[in-house]
Amino acid sequence: MTTLMSRVLLMLALLAGVSRSGFPAEADEWRTWRGPNLNGVATAGQTPPTEWSETKNIVWTVPVPGRGHSSPTLVGDRIFLTSADESSQTQAVICFDRKTGQQLWLTPVNRGGFPAQIHNKNTHASPTAVSDGERVYASFLNHDGVQLVALSLEGKILWPKKQSSVGAYLPKQYRYGYAPSPLLYDGTVIVASESDSGSFLAAFNAKTGREVWRTPRPNRISYSSPVVGRVAGRDQLLISGSELVSSYDPKTGKPLWATPGTASATCGTMIWEGDLVFASGGYPTKETICVKGDGSRTVMWRNQEKCYEQSMLVHDGYVYAVNDGGIAFCWKADTGREMWKSRLAGPVSSSPVLANGNIYISNERGTTFVFKATPEQFVAVAQNQLGDEAFASPAIVDSRIYLRVASSSRGGRQETLYCIGQ
Numbered sequence: 082m083t084t085l086m087s088r089v090l091l092m093l094a095l096l097a098g099v100s101r102s103g104f105p106a107e108a109d110e111w112r113t114w115r116g117p118n119l120n121g122v123a124t125a126g127q128t129p130p131t132e133w134s135e136t137k138n139i140v141w142t143v144p145v146p147g148r149g150h151s152s153p154t155l156v157g158d159r160i161f162l163t164s165a166d167e168s169s170q171t172q173a174v175i176c177f178d179r180k181t182g183q184q185l186w187l188t189p190v191n192r193g194g195f196p197a198q199i200h201n202k203n204t205h206a207s208p209t210a211v212s213d214g215e216r217v218y219a220s221f222l223n224h225d226g227v228q229l230v231a232l233s234l235e236g237k238i239l240w241p242k243k244q245s246s247v248g249a250y251l252p253k254q255y256r257y258g259y260a261p262s263p264l265l266y267d268g269t270v271i272v273a274s275e276s277d278s279g280s281f282l283a284a285f286n287a288k289t290g291r292e293v294w295r296t297p298r299p300n301r302i303s304y305s306s307p308v309v310g311r312v313a314g315r316d317q318l319l320i321s322g323s324e325l326v327s328s329y330d331p332k333t334g335k336p337l338w339a340t341p342g343t344a345s346a347t348c349g350t351m352i353w354e355g356d357l358v359f360a361s362g363g364y365p366t367k368e369t370i371c372v373k374g375d376g377s378r379t380v381m382w383r384n385q386e387k388c389y390e391q392s393m394l395v396h397d398g399y400v401y402a403v404n405d406g407g408i409a410f411c412w413k414a415d416t417g418r419e420m421w422k423s424r425l426a427g428p429v430s431s432s433p434v435l436a437n438g439n440i441y442i443s444n445e446r447g448t449t450f451v452f453k454a455t456p457e458q459f460v461a462v463a464q465n466q467l468g469d470e471a472f473a474s475p476a477i478v479d480s481r482i483y484l485r486v487a488s489s490s491r492g493g494r495q496e497t498l499y500c501i502g503q
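Note that this note's numbering gives residue 163 to position 82 of the sequence shown, counting from 1, and the numbers run on in steps of one.
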């Protein structure tokens, strides 16, 4: 084999393992919030079921101790969830066997110090854990601060050696709790903390926990998770909130650009395609906005629709969204032209996931809607019921859906993790 041919084959192999976000995508893993592409889009080739029930297309189920709204994180043969026991004020990371659902270990990472008040739709374990394949990282609110912890895949706490806070979190006006998920980038774990008593973005060395950089954010309460996307030829750390759509250098935390838009408080994670970025929110105003991410701060379009708690999807030049009330939308990505809208059923707090041309999204009552990702017209595929409460978003890998729901039908509330497959 010639040297030139060897180089070509090596380059093709490298490109095959790179996601649309510009980062390595593990086809059979779901290591982070919003999945391997960081945008709610499953890797190509997934063919998950579109129909299921308690007795149809269920591979296994397992009870989940405690309460949480975090989504499943899948690494190798393991699944990780965060959860909290409110009676004992314990926050923990839980590991399950991916093949059988068996609980392998539960590691408490904090005891006590729960805030006296949070929103009734929030939990003490809402951020989704993230993994680099060697460690799993989780964030929690306790003792008036944001805690970031690293564990081995076997459940051993690696850092910090003692319970500690990466920054104070003491909201004064809206005491609704904490929600942003941590983000991995280039050997660092990036954390957002935004309240009216002090806001920041900060990055920590993934191996040691040492702080790498910290940058201030406007002192307003907001709940969106940061995300890094390949936009306009460079990696950009994107986050909405504080009436801004903002971009930072993920290596240094230095601001790149910001454009007025959305609302004071947002919850959804931003999305991008090419040199366009999209954000929606929130409270007290409502707006969905598209901004050119080349630093020009050009607003391409905006409308008065609101996806407050939910993130959106962008796929093949079209934005798909479901708002709080359960109305689904499709907009042309570059112009904002409404292609269609259709009523599902709300309220909705989870975020959509796209796999095999279908969009999956659950409402708070445990109904998961499946519809086509097509701009021509709204095409319903299926409607499925599990439990009577769903706030977590699904993870889709190996043509299976991993979904966290709860049921209160038998008197006591019980969370369950479902593995849904053919």
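Don't be surprised by glycine CBs; every beta carbon is placed ideally from N, CA and C.
In the structure shown, what three-state DSSP assignment does residue i receive?
i, result
"N120", "coil"
"I199", "coil"
"I302", "coil"
"Q495", "strand"
"W114", "coil"
"A165", "strand"
"Q503", "coil"
"R291", "coil"
"T416", "coil"
"W382", "strand"
"R88", "Model confidence at R88 stands at a pLDDT of 41, short of 50, so the residue's coordinates are unreliable; what they give is reported in the following sentence. Looking at R88 - three-state DSSP - the assignment turns out to be helix."
"S134", "strand"
"S212", "strand"
By how many angstroms is the C-alpha of residue j removed from the C-alpha of residue i?
i, j, result
"R101", "L435", "In this prediction, R101 has a pLDDT of 39, which is less than 50 and means its spatial position is unreliable; what the coordinates show is noted afterwards. Using only the alpha carbons, I get a separation of about 14 angstroms."
"A287", "G468", "37 angstroms"
"Y499", "Q172", "22 angstroms"
"A476", "P153", "6 angstroms"
"V486", "V217", "22 angstroms"
"P433", "N404", "11 angstroms"
"T269", "R491", "44 angstroms"
"I501", "W133", "7 angstroms"
"A106", "F177", "Only weak support exists for where A106 lies, its pLDDT of 48 falling under 50; the value from the coordinates is given anyway. When rounded, the distance between both Cα atoms is 22 angstroms."
"S274", "G363", "17 angstroms"
"G407", "H396", "20 angstroms"
"N116", "V122", "Correcting the residue type first, residue 116 is Gly in the shown sequence and not Asn. Whole-angstrom Cα-Cα distance: 7 angstroms."
"R311", "Q317", "6 angstroms"
"V308", "D109", "21 angstroms"
"R295", "W382", "32 angstroms"
With respect to the beta strand (DSSP E) encompassing residue i, which residues constitute its N-terminal and C-terminal limits?
i, result
"P189", "184-192"
"N404", "Here N404 belongs to no beta strand (DSSP E), and DSSP marks it neither H nor E."
"Y389", "It is not in any beta strand (DSSP E) - Y389 carries neither H nor E in the DSSP assignment."
"D178", "171-178"
"H396", "394-396"
"N223", "216-223"
"T142", "139-145"
"A61", "Nothing about residue 61 can be read from this structure; the chain reaches only from 82 to 503."
"T154", "154-156"
Once you ignore the five residues that flank residue i on each side, which residues in its own chain have a CB closer than 6 angstroms to its CB?
i, result
"V451", "T131, N439, Y441, V462, A463"
"V380", "V372"
"A346", "I302, S303, G363, Y364"
Take residue i and list the residues in its own chain whose beta-carbon comes closer than 7 angstroms to its own, dropping the five residues that flank it on each side.
i, result
"M393", "G349, I352, F359, S361, V400, Y401, A402"
"G279", "A249, N300"
"G493", "none"
Going by beta carbon distance, what residues of the same chain come within less than 8 angstroms of residue i, once the five residues before and after it are set aside?
i, result
"G194", "Q170, N223, H224, D225"
"T113", "L119, T154, T209, V211, S212, S262, L264, L265"
Run through the segment 418-489 for me and flag every whole beta strand (DSSP E) of 3 or more residues, listed as ranges in chain order. 419-424, 434-436, 439-443, 448-453, 461-466, 476-478, 481-488
Considering only residues of the segment 294-380, which uninterrupted beta strand (DSSP E) runs meet the minimum length of 3 residues and lie entirely inside it, listed in chain order? Those beta strand (DSSP E) runs which fall completely within the segment 294-380 and span 3+ residues are 308-312, 315-322, 325-329, 336-341, 352-354, 357-362, 368-373.
Unbroken stretches of the beta strand (DSSP E), 3 residues or longer, contained in the segment 240-289: Runs of the beta strand (DSSP E) lying entirely within the segment 240-289 and spanning at least 3 residues, in chain order: 264-266, 269-274, 280-286.
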